[in-house]
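Those protein sequence lines, which keep their order, are chains G and W.
To convert, note that position 35 of the first sequence is 35 in the numbering used here; the numbers rise steadily by one, no gaps.
To convert, note that position 29 of the second sequence is 1029 in the numbering used here; the numbers rise steadily by one, no gaps.
For glycine and all other residues, C-beta sits at the position ideal for the given N, C-alpha and C.
These numbers were taken from a predicted model, which means no experiment stands behind them.
Protein chains: 2
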Amino acid sequence: MDTNKLLSKYSIRSTKARQEIAKAIISLRHKHFCAEEVIERLRKKEIKVSRASAYRLVKLFSKRGVLRPVDLNKRWQMYETSFDKNHHDHLYCLNCGKIIEFENRAIENLQTKVCKEKKFKPLKHSLKILGLCRECDNA
Amino acid sequence: MDTNKLLSKYSIRSTKARQEIAKAIISLRHKHFCAEEVIERLRKKEIKVSRASAYRLVKLFSKRGVLRPVDLNKRWQMYETSFDKNHHDHLYCLNCGKIIEFENRAIENLQTKVCKEKKFKPLKHSLKILGLCRECDNA
DNA sequence: ATAATTGTTGAGACTGAGTCTCAACAAAGT
DNA sequence: ACTTTGTTGAGACTCAGTCTCAACAATTAT
C-alpha cells in the first residue's frame, strides 16, 4: 500500500510527516486503534512526528472517509480503516474485549423502514451489541 | 415521585445530598442529560451539593439501572431515566440535535439471530441512526 | 443509649485524551 | 525567485470526569 497514492487520492498534500503517519496507520489496518496507538507505533520505530500532526492526520482521514470512527471505547476515539472493508456492525465482548464484525442486510433494511416512518433521512448508523463471546461465556 | 423510595428501592443509603441530587435527576427525566446538567440544575436552585457527589450518584444510578447511559454525545456521558421508559433506540439529527426514539421488535429479533450464529451472548445493545430530521432535511 | 463500624461528603487537586497556539518551515502557484 | 498557502512541532491548555482525605453521618453491635 503506497502512502503517497493514498494521500494524493484524497487530495492531501504529501509531506514527510504525513507519509510516516500514514504508514503507521496502514500497519494497524487489521485492528481497531486510536490516535495514541498510531503515535506509539511511530515512537517504537523511533520516527519523530509530533502528537499534534498524528492527531491532525487521523482526524483528516476520518473526515475524508479513509478512517471510520468507531465507538468501542469511551475513553479513546477508536478508528478502523475503510479500505478493504465494507460497512459492518460490531459485537463487543465485555469480558475480553474481543470484537466480532458482522453484516446483516435485513437489519439495515428494517432501519431504512423505521426512518421512512419517522420521516428521517439516515446518513449513517452504528449498531453495537455488548455481551459475552463464546469463550468468555463458557468460562 | 418520592426520592426516598427511589433510593431505598435500590438499597442506596438516603442522605440529604442524595435526596437533592435524585430530585434534580427526576426533574430531568424527560430529557437526555449529563452529570453537569444535574449539577447545573442544583446550582440554579441554590442547593449546595458537591460536584463529586452528583457524579457519584449518577454513576451509582447507572450501575443500579435507574439511569441508562446513552452515547449521544462524545464529549459528555449522557443518560436517560429508565423508569417509565422501555428499551428503545435513537435517531439523532446531526443538524439540530433532535432525538427521536423508536422501538422495533423485528430488528431486535434479527440481532438475536445474528448473535446465535456468532455464538455470542448478547447483554445489551445500542443502535443509533444519524441523519437529518424532517425539518432539517427540508430546510 | 453508647460505642464501634461502615459509608458519605465536599473542596479542590489531579488526570489524560484531545485541541490550540504560533513562529518556523515547506509546498504550490505565479 | 517570490508570494501565497498549508503544515509542522513543542508544549501550553481545556475540561469532563476521578481521586484524595479528613470531617461527618448513618447503621450495627454492645
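9 Å Cβ cut-off: residues of chain W touching residue i
i                : result
Arg68 of chain G : Near Arg68 of chain G there are no residues of chain W at all, since even the closest Cβ is about 13 Å away, more than 9 Å.
The beta strand (DSSP E) enclosing residue i, as first and last residue numbers
i                  : result
Ser80 of chain G   : Checking the sequence, you will find Glu at residue 80 of chain G rather than Ser. Run containing Glu80 of chain G: 78-81, per the beta strand (DSSP E) assignment.
Lys128 of chain G  : 121-132
Val58 of chain G   : Segment 51-64 is the alpha helix (DSSP H) holding Val58 of chain G; no beta strand (DSSP E) there.
Glu1037 of chain W : Per DSSP, Glu1037 of chain W belongs to no beta strand (DSSP E); it is in the alpha helix (DSSP H), 1035-1044.
Ile99 of chain G   : 99-102
His1090 of chain W : 1089-1093
Arg68 of chain G   : 67-70
Heavy atom of the ligand MG within 6 Å of residue i beta-carbon
i                  : result
Asn1095 of chain W : The ligand content of the structure shown is nil, which means the ligand MG is not present either.
Buried/exposed call for residue i, threshold 16 Cβ in 10 Å
i                  : result
Leu7 of chain G    : buried
Glu135 of chain G  : exposed
Gly131 of chain G  : buried
Glu80 of chain G   : buried
His1087 of chain W : exposed
Phe83 of chain G   : exposed
Glu1117 of chain W : exposed
Ala1054 of chain W : buried
Met1078 of chain W : buried
Ala1139 of chain W : exposed
Glu1010 of chain W : Going by the sequence as given, residue 1010 of chain W is Tyr instead of Glu. Burial call: exposed.
His30 of chain G   : exposed
Leu57 of chain G   : buried
Leu123 of chain G  : exposed
Listed by chain order, chain W residues near residue i by CB distance under 8 Å
i                 : result
Asn104 of chain G : Leu1110, Val1114
Ile47 of chain G  : Residues of chain W passing the Cβ test: none, with the nearest at roughly 29 Å.
Ile26 of chain G  : Simply none; closest approach about 25 Å.
Ile107 of chain G : Ile1107, Leu1110, Gln1111, Val1114
Leu57 of chain G  : Those within 8 Å of Leu57 of chain G in chain W number zero; the least Cβ separation is about 19 Å.
Element boundaries [alpha helix (DSSP H), containing residue i]
i                  : result
Glu20 of chain G   : 16-27
Cys1115 of chain W : 1105-1117
Leu1006 of chain W : 1003-1009
Partners in chain G for residue i, counting only beta-carbon separations shorter than 7 Å
i                  : result
Lys1119 of chain W : Arg134
Asp1137 of chain W : Lys121
Chain-ordered chain G contacts of residue i [CB-CB under 9 Å]
i                  : result
Asp1002 of chain W : Neighbours of Asp1002 of chain W on chain G: none; closest Cβ ~32 Å, over 9 Å.
Leu1072 of chain W : Within 9 Å Cβ-Cβ: nothing; Leu1072 of chain W doesn't reach chain G, min ~11 Å.
Gly1131 of chain W : Cys115, Phe120, Lys121, Pro122, Leu123, Lys124, His125
Leu1007 of chain W : Ordered by position in chain G, no residue passes the 9 Å Cβ test against Leu1007 of chain W, which lies about 26 Å from the chain.
Within chain W, the residues that residue i reaches when beta carbons sit closer than 7 Å
i                 : result
Lys128 of chain G : His1125, Ser1126
Leu42 of chain G  : In chain order: nothing, as chain W lies at least about 25 Å away.
Cβ separation of residue i and residue j, assumed to be a contact under 8 Å, to the nearest whole Å
i                  : j                  : result
Leu94 of chain G   : Leu1127 of chain W : Wrong, their Cβ atoms sit about 17 Å apart, outside the cutoff.
Cys133 of chain G  : Phe1120 of chain W : 6 Å
Asp71 of chain G   : Asp1071 of chain W : 6 Å
Cys115 of chain G  : Trp76 of chain G   : Rounded, the Cβ-Cβ distance is 30 Å, inconsistent with contact.
Gln1111 of chain W : Ile129 of chain G  : 6 Å
Arg13 of chain G   : Ala24 of chain G   : 18 Å between Cβ atoms; not a contact.
Glu1037 of chain W : Leu1028 of chain W : 6 Å
Ile107 of chain G  : Ile1107 of chain W : 6 Å
Contacts that residue i makes with chain G (C-beta to C-beta distance below 8 Å)
i                  : result
Ile1100 of chain W : Lys118, Phe120
Leu984 of chain W  : A query on residue 984 of chain W cannot be resolved here, the shown segment of chain W reaching from 1001 to 1139 and no further.
Leu1094 of chain W : Leu123
Given 8 Å as the limit, is there contact between the stretch 14-25 of chain G and the stretch 39-53 of chain G, that is, 3 or more CB pairs closer than that? In this structure the stretch 14-25 of chain G touches the stretch 39-53 of chain G; the number of beta carbon pairs closer than 8 Å is three or more.
Does the stretch 1094-1107 of chain W come within contact of the stretch 1033-1045 of chain W, defined as at least 3 CB pairs closer than 8 Å? Using a Cβ-Cβ distance cut-off of 8 Å, the stretch 1094-1107 of chain W and the stretch 1033-1045 of chain W are not in contact, since fewer than three pairs of beta carbons, one from each stretch, lie closer than that value.
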